[in-house]
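Trainee:
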Amino acid sequence: MENQKRYLRAREVAEYLGIALSTVWLYAKQGKLKAKKLSERVTVFDKEEIDKLALIGGH
Numbered sequence: 001m002e003n004q005k006r007y008l009r010a011r012e013v014a015e016y017l018g019i020a021l022s023t024v025w026l027y028a029k030q031g032k033l034k035a036k037k038l039s040e041r042v043t044v045f046d047k048e049e050i051d052k053l054a055l056i057g058g059h
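The sequence shown maps to residues 1 to 59 in full-length UniProt numbering.
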């Protein structure tokens, strides 16, 4: 059984990819990363999509 998170918060994405937090939000705005709003103050990103972005060198 896998014990990894499927979704990451923006700060976690930034740390995972080694980029600035503002870049995560820029990628979301540009459509490079698809953001999922869970509530008004909580947005998450799918880890599979983040991994794909990292593989193609999108960051």
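Virtual Cβ for every residue (Gly too), placed ideally from N, Cα, C.
When you compare only the Cα positions, how much space is there between Leu8 and Tyr16?
Mentor: The residue you call residue 8 lines up with position 8 of the sequence shown. The residue you call residue 16 lines up with position 16 of the sequence shown. Approximately 9 Å, taken between the alpha carbons.
Trainee: Measuring CB to CB, does Ile50 end up less than 7 Å from Val13?
Mentor: To locate residue 50, count along the sequence shown from 1; it is residue 50. To locate residue 13, count along the sequence shown from 1; it is residue 13. Yes, they are a contact pair.
Trainee: Using DSSP's beta-bridge definition, name the partner residues of Asp46.
Mentor: As a working note, residue 46 is residue 46 in the sequence shown. Its beta-bridge partners are Tyr7.
Trainee: Can you give me the C-alpha to C-alpha distance between Phe45 and Ala35, rounded to a whole angstrom?
Mentor: Within the sequence shown, numbered from 1, the residue matching residue 45 stands at position 45. Within the sequence shown, numbered from 1, the residue matching residue 35 stands at position 35. Straight-line Cα distance between these residues: approximately 5 Å.
Trainee: On the CB-based measure, 16 or more other CB atoms within 10 Å of its CB, does Ala54 come out buried or exposed?
Mentor: Taking the first residue of the sequence shown as 1, we reach residue 54 at position 54. With fewer than 16 Cβ atoms within 10 Å of its Cβ, Ala54 is classed as exposed.
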